[in-house]
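Numbering (our numbering), first residue to last: 107 to 279.
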């Protein structure tokens, strides 16, 4: 949650007040929520400003998003390679993307979900098409980081397809 000591200029307050007025008219079923926020801004009740921003998450660094994308790219290469190597689908049950821990790696989990589900990218990593859930229920980030270091070395030796030995080496990191 953003800093609870929120400072706004009069122009910022006026802009938000006008936006809440518009939202009150556009969405009458939620008008009460918008009205309460508008009144807090109009009356200058700074203690209530934080409720206006309560749904805003902390920003995720570019470095962290890049790390998640690298992890997804690595799993994509593994998934494609397993599909090529294993026509009986026996390997798919072992070498699949497990996601991130919802409690300890929620930032990564949320970005992963956004990238795959909302942006409709890397669909081959989705196990359950009806309800894509990337919660591993255990910490995975340290394992993925070890896997990434091996994958980045192996990446130079192949063109988007890995051998079974390479997959095993990455997976066991």
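Note that CB positions come from ideal geometry on N, CA and C, so glycine has one too. Every value quoted in this text rests on a predicted model; they were computed, and no experiment measured them.
Measure from the alpha carbon of residue 252 to the alpha carbon of each residue in 209, 277, 130, then state which is nearest. 277
Please name the residue, chosen from 182, 271, 242, 194, that lies closest to residue 229 on a Cα-to-Cα basis. 182
When the Cα atoms are used, what is the spatial distance from residue 107 to residue 266? A caution first: residue 107 carries a pLDDT of 40, below 50, which makes its placement in the model too unreliable to give a value.
Cβ atoms of residue 210 and residue 241: under 7 Å apart, would you say? no
Does the structure place the stretch 141-156 close enough to the stretch 198-206 that three or more beta carbon pairs sit under 8 Å? Between the stretch 198-206 and the stretch 141-156 there are fewer than three C-beta pairs closer than 8 Å, too few to call the two in contact.
Taking C-alpha atoms, which residue in 188, 218, 193 lies nearest to residue 205? 218
Here's the rule: buried if 16 or more other CB atoms are within 10 angstroms of the residue's CB, otherwise exposed. What is residue 170? It is exposed - the Cβ of residue 170 has fewer than 16 other Cβ atoms within 10 Å.
Quick check on DSSP: helix, strand or coil for residue 209? coil
Bounding residues of the alpha helix (DSSP H) (the contiguous stretch that carries residue 152): In the DSSP assignment, residue 152 falls outside any alpha helix (DSSP H) and carries neither an H nor an E.
For residue 302, count neighbouring C-beta atoms within 10 Å of its own C-beta (all shown protein chains included) and say buried if the count is 16 or more, exposed if not. The structure shown does not extend to residue 302, since the chain is modelled only from 107 to 279, so the question has no answer here.
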